[in-house]
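When we follow this note's numbering, the leftmost residue of the sequence shown carries the number 506, and every step to the right adds one. The C-beta atom is built at its ideal place from N, Cα and C for all residues, glycine as well.
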Amino acid sequence: MNKFILNITASSGEFYQGYCEDLTLPTGDGVYGVQAGHSPVLVALHMGMLHFVVDGESRDILVGDGIAEVTPAYVMVLVDSAERPEDIDKNRAEAARIRAEERLQHKQSMHEYYQSKIALSRAMQRLQTSAKYRR
Numbered sequence: 506m507n508k509f510i511l512n513i514t515a516s517s518g519e520f521y522q523g524y525c526e527d528l529t530l531p532t533g534d535g536v537y538g539v540q541a542g543h544s545p546v547l548v549a550l551h552m553g554m555l556h557f558v559v560d561g562e563s564r565d566i567l568v569g570d571g572i573a574e575v576t577p578a579y580v581m582v583l584v585d586s587a588e589r590p591e592d593i594d595k596n597r598a599e600a601a602r603i604r605a606e607e608r609l610q611h612k613q614s615m616h617e618y619y620q621s622k623i624a625l626s627r628a629m630q631r632l633q634t635s636a637k638y639r640r
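Next comes the structure, spelled out in structure tokens:
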């Protein structure tokens with residue numbers, strides 16, 4: 506199978522760079538698949554599972570919101586956050602969920618309200634991912 510270069514960069518730094526055979530990106534409308542030779546496009550990403558295949562081995566990464574630049578030879582993924590499911594600390598995610606729910610119970614500005622909703626969504630996604638990928 507033809508390969509292309511995949512670069513995943515989170516706000517904390519470069520997460521992955523290497524060759525890739527197949528890529529599935531999380532979008533607001535579902536998932537968006539990419540293979541070598543894909544037409545150029547920019548894709549808005551939503552928090553979810555990014556799936557890719559390297560040398561026949563499947564890999565999954567939980568990514569935050571971001572954008573992907575797709576070209577025939579490479580894909581550049583820029584996201585708020587990226588972490589392997591096995592690296593998610595379930596206790597930390599549960600504590601974040603509780604904090605976000607508590608913040609939503611208090612009066613706050615619209616900006617703070619949306620930030621709390623985002624934090625709750627992120628914590629819930631991390632908990633779901635942790636439960637799904639725990640062995």
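query	result
Does DSSP put N596 in a helix, a strand or coil?	helix
Straight-line CA distance for Q610 to H616?	15 Å
Could you give the residue range of the alpha helix (DSSP H) that holds A636?	M615 to Y638
CB-CB under 6 Å to L625, same chain, minus the five flanking residues each way: which ones, in chain order?	A605
Cutting at 8 Å between CB atoms, please list the residues of its own chain near P481, excluding the five before and the five after it.	One cannot answer for residue 481 here, as it falls past the ends of the chain, which runs 506 to 640.
So, at 6 Å on beta carbons, what are the nonlocal neighbours of T529 in its own chain, with the 5 sequence-adjacent residues on each side left out?	V536, G538 and H556
Hey, L632 and A598: beta-carbon distance below 8 Å or not?	yes
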